[in-house]
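J.:
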Amino acid sequence: MKTKKIAVLMGGPSTEREVSLNTGGAILKALQEKGYQAIAMELNPLHFVTQIKAEKIDVVFNAVHGKFGEDGTIQGVLEL
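Offset between the sequence shown (1-based) and the numbering used here: plus 29.
#1: Tell me the rounded alpha-carbon separation between G95 and G101.
#2: Could you pull the DSSP bridge partners for E71 from this structure?
#3: With DSSP as the reference, identify every bridge partner of F90, one or two as the case may be.
#4: From S43 to I35, what does the alpha carbon distance come to, in whole angstroms?
#5: To the nearest angstrom, how far is it from the Cα of G64 to the Cα of L50?
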């Protein structure tokens with residue numbers, strides 16, 4: 030197993046939630062098949078940073094579509 034812990038961030042409040050869950054699920058499966066320690070994390074816009082810290086995540090793979098996921102919001106918060 031590879032040592033970095035990866036969160037695949039998916040879901041969210043947009044109308045593209047289901048597409049995001051499908052995308053995230055496929056990414057999660059591929060990462061796990063390659064031996065990465067990857068977990069699914071559903072986006073809660075108010076608490077996702079707390080979730081990331083609590084799970085001791087090293088890398089976040091953003092699979093969120095629509096609002097928050099494609100407008101730079103998540104990326105901006107993660108840069109902090």
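No residue lacks a Cβ here, since even glycine has one placed at the ideal position from N, Cα and C. Please read these numbers as outputs of a predicted model, since none were measured by experiment.
T.: Let me lay it out:
#1: As a position in the sequence shown, residue 95 is number 66, starting the count at 1. As a position in the sequence shown, residue 101 is number 72, starting the count at 1. Between G95 and G101, the C-alpha separation is close to 10 Å.
#2: Looking up residue 71 in the sequence shown gives position 42. Answer is M39, bridged to E71.
#3: Looking up residue 90 in the sequence shown gives position 61. According to DSSP, which records beta bridges pairwise, F90 is partnered with V37.
#4: Locating residue 43 in the sequence shown gives position 14, counting from the first residue. Locating residue 35 in the sequence shown gives position 6, counting from the first residue. Distance between the alpha carbons of S43 and I35: 23 Å.
#5: Position 35 of the sequence shown, counting from 1, holds the residue named residue 64. Position 21 of the sequence shown, counting from 1, holds the residue named residue 50. Roughly 21 Å between the two C-alpha positions.
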